[in-house]
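S.K.: When you line the sequence shown up against my numbering, it's residues 300 to 443, in that order. Cβ atoms here follow ideal geometry from the backbone N, Cα and C, with glycine treated the same way. Quick one: the structure is below, and I'll ask about it shortly.
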Amino acid sequence: MQPYQTPILYGADSNSLQVFEMACLRRIMRVTRLDKLRNTHIKESLNLEQDVMDKVSTKRLKYFGHVLRMKPTRYPKIAVEGNVAGNRPRGRPPKRWLDCISEDCKARSISRLTDASRLAADRKTWHTITIQKPLRSPWPAWTA
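As structure tokens, this is what we get:
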């Protein structure tokens with residue numbers, strides 16, 4: 300598993316990825332949007348258990364556990380646990396990889412990164428956590 304497989308996805312990126320996934324699934328089923336089939340119906344008919352965002356989240360958490368179990372001299376571990384000296388620029392702070400990890404952990408009922416670090420030390424426990432389906436709303440935020 301490579302770090303490029305665990306991207307930082309912003310809201311627009313994840314939405315575009317989900318739209319592309321549904322376009323591909325509709326193409327596989329040879330269904331157009333004019334047929335007015337719901338996305339849930341398409342996913343159920345294809346027996347999909349995870350969507351693309353769940354898979355990205357799972358990959359990210361697996362790599363996070365892998366990095367935490369590395370020796371302290373390895374560069375990925377130094378990059379994850381290290382702090383950069385200096386001040387951050389003005390404005391909204393950019394989304395970091397650990398912010399994505401904490402969101403993924405919260406979706407799996409792990410409240411803090413320290414708890415996730417402790418759980419990731421045991422490989423079997425971490426594997427069972429990462430393969431869980433995230434607890435998130437099936438509806439987009441704009442429909443609420």
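I need the straight-line Cα distance from P416 to F363, nearest angstrom please.
M.R.: The sequence as given places Ser at residue 416; Pro does not occur at that position. C-alpha separation (whole angstroms): 9 Å.
S.K.: Spatial neighbours of T357 within its chain, please: CB distance less than 6 Å, with the 5 preceding and 5 following residues excluded, ordered by chain position.
M.R.: Around T357: T429.
S.K.: On a Cα-Cα basis, can you pick out the residue from E320, P371, Q349, C404 that is closest to K361?
M.R.: Nearest option by C-alpha distance: C404.
S.K.: What did DSSP end up calling A443 once you bin it into helix, strand or coil?
M.R.: Because A443 sits at a pLDDT of 39, beneath the cut-off of 50, its placement in the model cannot be relied upon, and the following sentence gives the value as read from the coordinates. It is coil, neither helix nor strand.
S.K.: Is the segment 393-402 in contact with the segment 303-321, if contact means three or more CB pairs nearer than 8 Å?
M.R.: Yes, the segment 393-402 touches the segment 303-321.
S.K.: Can you check whether the CB of V366 is closer than 7 Å to the CB of V383?
M.R.: No, the Cβ-Cβ distance between V383 and V366 is not below 7 Å.
S.K.: Could you work out which residue in S313, P371, R407 is closest to H426 when comparing CA atoms only?
M.R.: Closest by alpha carbon: R407.
S.K.: Does the distance from the C-beta atom of M321 to that of N338 stay below 7 Å?
M.R.: Contact: yes.
S.K.: Closest to L316 by CA distance: which of R422, D353, I327 is it?
M.R.: Out of R422, D353, I327, D353 has the C-alpha closest to the C-alpha of L316.
S.K.: Buried or exposed: where does R411 fall if 16 or more other Cβ atoms within 10 Å of its Cβ makes it buried?
M.R.: Flag for R411 reads exposed.
S.K.: Express the C-alpha separation of R368 and Y374 in angstroms, rounding to a whole number.
M.R.: Y374 and R368: Cα-Cα distance of roughly 13 Å.
S.K.: Going by CA-CA distance only, name the one from R391, K370, Q431, K394 that's closest to A420.
M.R.: Checking every option, the nearest Cα to that of A420 belongs to K370.
S.K.: Can you give me the Cβ contacts of T424 inside the same chain, cut-off strictly under 6 Å, excluding the 5 residues immediately before and after it?
M.R.: Contacts found: L418.
S.K.: Which same chain residues end up closer than 8 Å to E343 when comparing Cβ atoms and leaving out the 5 residues on each side of it in sequence?
M.R.: Excluding residues within five positions, none has a Cβ falling inside 8 Å.
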